[in-house]
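Trainee: Here's a structure for you.
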Ligand SMILES: Nc1ncnc2c1ncn2[C@@H]1O[C@H](COP(=O)(O)OP(=O)(O)OP(=O)(O)O)[C@@H](O)[C@H]1O
Ligand SMILES: [Mg+2]
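Okay, structure coming up:
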C-alpha cells in the first residue's frame with residue numbers, strides 16, 4: 005500500500021468514528037428537565053444568565069412565601085423538581101448544563117420541608133423546586149428555590165432566577181425580595197438563636213409570648229412603670245418623637261442580684277408589647293448578635309434582649325467579625341441607627357463588670373435600673389403572689405421579718421415547700437397555712453440548706469457586703 009493510500013484510509017476512518025460519535029450524541033434525547041427550561045426561555049442553555057440571592061437558614065419560610073406571592077401575582081405556576089445524585093451540591097444552572105451532556109439529572113418530585121413559623125405553628129415549604137414564570141418586564145424566567153441542605157454542607161437558603169437577560173433576572177429577584185419582606189414570617193415573633201445538631205449551624209427557635217400582669221411582677225414602687233415607659237412608651241410615640249427630631253433607639257440595663265426578677269421583668273415587657281419582634285440572645289447565641297441587630301432593624305418595632313451581658317464582657321472569644329464579643333455587641337447597638345424603633349435590654353447581676361466598658365462608650369445605655377432584693381412590702385407581696393394569698397397578714401409578718409435579703413426565687417421555692425409540708429399532713433386545704441409556711445422556712449434556713457439558699461439568690465454572709473456594693477450608680 006502506498007503511503008498516500010494509508011493516509012487517506014486513516015483519514016476516512018477518523019471521519020467515520022467522529023461522525024458515528026456525533027450521531028450517538030445527537031440521538032440522546034434532550035432530558036425533559038432541560039427542554040422544559042429552554043423551551044420556556046426560548047433559548048439555549050449556553051446563553052442564559054442566572055442571578056442568585058442567598059439568605060440565612062431561618063429565612064426559608066419568608067422566602068417561600070415571597071416566591072409564592074410572586075408566582076401568584078403572575079397567575080400561579082406549578083413547581084417541578086430535579087432527580088439525580090449530587091443535585092444538592094450543585095447550582096441549578098450547573099445541574100441543567102450537566103443534564104444536557106450526560107444522563108445524570110432529570111425532572112423529579114419537588115422537595116418540601118417543614119419549618120417553624122411560630123411557637124406551635126409550622127409550614128410546608130419548597131426546599132428544592134423550580135417554577136416557570138415571567139419577570140416584571142414580561143420576559144420568561146425560571147425560578148429555583150433551594151432550602152438549606154445541612155447534611156450536604158450547604159447552609160442557608162437561596163432563590164435562583166434563570167433568564168435570558170440579567171435585567172429581567174435582577175428585576176424578578178428584587179420583586180421576590182420585596183414581597184418576602186412584606187410578609188416576613190419572623191415579624192412579631194419572639195425568637196431565640198440556638199445551635200442545630202447539624203454542624204453547629206445557627207437556628208432560630210420561636211418562643212411563646214408570656215402574658216404577665218403587672219400584679220405578678222413585684223418590684224419597688226415605680227420601677228416597673230419607669231421601665232415600661234422607657235421601652236413601650238417611646239414606641240407608642242414613635243412618629244411624634246421622630247417628627248420632633250428625637251431618636252427612638254434605646255438601651256436599658258437591668259441589674260441586680262440573681263433571682264430578683266430581671267428576666268421576669270423582660271418577660272413582662274414582651275407580654276405588654278404584642279406584635280413587637282423580640283430577639284433573645286443568651287450564651288452561645290451571642291455569636292449572632294450582628295445578625296440579630298440587623299433583623300431587629302428590619303422587623304422593628306423590636307427588642308433585642310441580651311441576657312447576662314457580664315458573661316459577654318468576660319468572654320475573650322472573638323465573634324465572626326473578629327472583635328471581642330462585647331465590642332461586637334456595642335457595634336451592633338451603634339450600627340442600628342438612632343431612628344430605629346429598637347430597644348436593647350441588657351441584664352446582668354454584675355453591673356460593675358460592665359460599668360467601665362459602658363462608660364467608655366457612652367450612649368448605648370440610656371436607662372440603668374436596679375432590680376433589688378425585695379423589701380418588706382415586696383416580700384409580703386411575693387408570699388401572697390406565690391400561694392399564701394389567704395393567710396392573714398399578721399401571720400405572714402414574722403415570715404417577712406425572717407426573710408430579709410431573700411429573693412423572689414426563694415419565695416417561690418418556699419411556697420412549694422409549704423405545699424409539700426401540707427401534703428405530708430394529708431390532703432387538707434388547697435393552700436398552705438401559716439404553720440406550713442413556718443415549717444418550710446425552718447427547713448430552708450437550716451444550716452445544711454445553705455447552698456440551696458445561695459442557689460436561690462440569698463446572700464451568703466461573707467458575700468453580703470460585696471453584693472450590696474454591686475450597684476451600678478455610676479452608669
Ligand atoms: N420581682 C419578682 N416578682 C415576681 N416574681 C419574681 C420576681 N423576681 C423573680 N420572680 C420569680 O423568680 C423566677 C426567677 O427570677 P428571674 O429569672 O427573673 O431572675 P433574674 O433576676 O433574671 O436572675 P439572674 O440574674 O439569675 O438571671 C422568675 O421566673 C419568677 O417566677
Ligand atoms: Mg435572668
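In the working numbering, the protein residues as written are 5 to 479.
Just so you know, even glycine gets a beta-carbon here, dropped at the ideal spot from N, CA and C.
Values in this document were obtained by computation on a predicted structure and should not be read as measured data.
Assuming residue 265 and residue 315 make a contact with CB atoms under 8 Å, what is their CB distance in whole Å?
Mentor: With 8 Å as the limit, residue 265 and residue 315 do not qualify as a contact, their Cβ atoms being about 19 Å apart.
Trainee: According to DSSP, is residue 218 part of a helix, a strand, or is it coil?
Mentor: DSSP places residue 218 in helix when its eight states are reduced to three.
Trainee: Should the stretch 403–410 be called in touch with the stretch 355–372, which here means at least 3 C-beta pairs below 8 Å?
Mentor: Judged by Cβ distances under 8 Å, the stretch 403–410 makes no contact with the stretch 355–372, as fewer than three pairs qualify.
Trainee: Report yes or no: do three or more beta-carbon pairs, one from the stretch 352–361 and one from the stretch 385–395, lie closer than 8 Å?
Mentor: No, the stretch 352–361 does not touch the stretch 385–395.
Trainee: Ligand 2 and residue 266: does the residue's C-beta get closer than 8 Å to at least one heavy atom of that ligand?
Mentor: Residue 266: yes, Cβ under 8 Å from ligand 2.
Trainee: Rounding to the nearest angstrom, what Cα-Cα distance links residue 47 and residue 168 in this structure?
Mentor: Computed Cα separation, rounded: 7 Å.
Trainee: Measure the Cβ-Cβ separation of residue 419 and residue 391 and say whether it is below 9 Å.
Mentor: Closer than 9 Å, so yes.
Trainee: CB-CB under 6 Å to residue 113, same chain, minus the five flanking residues each way: which ones, in chain order?
Mentor: Result list for residue 113: 85, in chain order.
Trainee: Between the Cα of residue 456 and those of 300, 424, 415, 430, spot the shortest distance and give me the residue it belongs to.
Mentor: Closest by alpha carbon: 415.
Trainee: Can you tell me whether residue 397 is helix, strand or coil according to DSSP?
Mentor: Three-state result, residue 397: helix.
Trainee: Closer than 8 Å by C-beta to residue 141: which residues in its own chain qualify, once you throw out the five before and the five after it? Chain order, please.
Mentor: So the qualifying residues of the chain are 171, 172, 175.
Trainee: Do the stretch 329–341 and the stretch 192–199 make contact, defined as three or more Cβ pairs closer than 8 Å?
Mentor: Flag = no, the stretch 329–341 and the stretch 192–199 do not touch.
Trainee: Can you round the beta-carbon distance between residue 375 and residue 234 to whole angstroms, since I take them to be within the 8 Å contact cut?
Mentor: That pair is no contact at about 14 Å.
Trainee: Rounding to the nearest angstrom, what Cα-Cα distance links residue 13 and residue 109 in this structure?
Mentor: Their Cα atoms are separated by approximately 40 Å.
Trainee: Quick one: Cα of residue 3 to Cα of residue 292, how far?
Mentor: Here the chain has residues from 5 to 479 only, and residue 3 is not among them.
Trainee: Within 10 angstroms of its Cβ, does residue 68 collect 16 or more other Cβ (buried), or is it exposed?
Mentor: With 16 or more other Cβ atoms within 10 Å, it is buried.
Trainee: So does residue 351 have its beta carbon nearer than 8 Å to some heavy atom of ligand 2?
Mentor: Yes, the Cβ of residue 351 comes within 8 Å of a heavy atom of ligand 2.
Trainee: Kindly indicate the opening and closing residues of the alpha helix (DSSP H) around residue 97.
Mentor: Taken as a continuous stretch (DSSP letters only), the alpha helix (DSSP H) holding residue 97 covers 96–105.
Trainee: So residue 96 and residue 148 are supposed to be a Cβ contact under 8 Å. How far apart are they, rounded?
Mentor: Yes, residue 96 and residue 148 are in contact; Cβ-Cβ is about 4 Å, under 8 Å.
Trainee: Using the DSSP secondary-structure output, state which residues sit across from residue 57 in a beta bridge.
Mentor: BP columns for residue 57 point to 163.
Trainee: CA-CA distance, residue 130 and residue 72?
Mentor: For residue 130 and residue 72, the distance between alpha carbons rounds to 10 Å.
Trainee: Taking only beta-carbon atoms, is residue 408 less than 9 Å away from chain D?
Mentor: Absent from the structure: chain D. Only one protein chain is present.
Trainee: Under a Cβ-count criterion, where at least 16 other Cβ atoms within 10 Å of its own Cβ denotes burial, should residue 462 be classed as buried or exposed?
Mentor: Buried, since its Cβ has 16 or more Cβ neighbours within 10 Å.
Trainee: For a minimum of 4 consecutive residues, which ranges assigned as the alpha helix (DSSP H) are wholly contained in the stretch 238–301?
Mentor: Correct list: 242–247, 266–276.
Trainee: Would you report the Cα separation of residue 1 and residue 107, rounded to the nearest angstrom?
Mentor: With the chain covering 5 to 479 only, the question about residue 1 has no answer from this structure.
Trainee: State the CB to CB distance for the pair residue 283 and residue 308, rounded to an integer number of angstroms; the pair is presumed to be in contact (CB under 8 Å).
Mentor: The pair is a contact, with the Cβ atoms about 5 Å apart (cut-off 8 Å).
Trainee: To the nearest angstrom, how far is it from the Cα of residue 115 to the Cα of residue 373?
Mentor: Using only the alpha carbons, I get a separation of about 51 Å.
Trainee: Output yes or no for whether 9 Å exceeds the beta carbon distance between residue 460 and residue 369.
Mentor: No, the Cβ-Cβ distance between residue 460 and residue 369 is not below 9 Å.
Trainee: Using only the heavy atoms of ligand 1, determine whether one of them is closer than 8 Å to the beta carbon of residue 461.
Mentor: Yes; taking the cut-off as 8 Å, the Cβ of residue 461 has a heavy atom of ligand 1 nearer than that.
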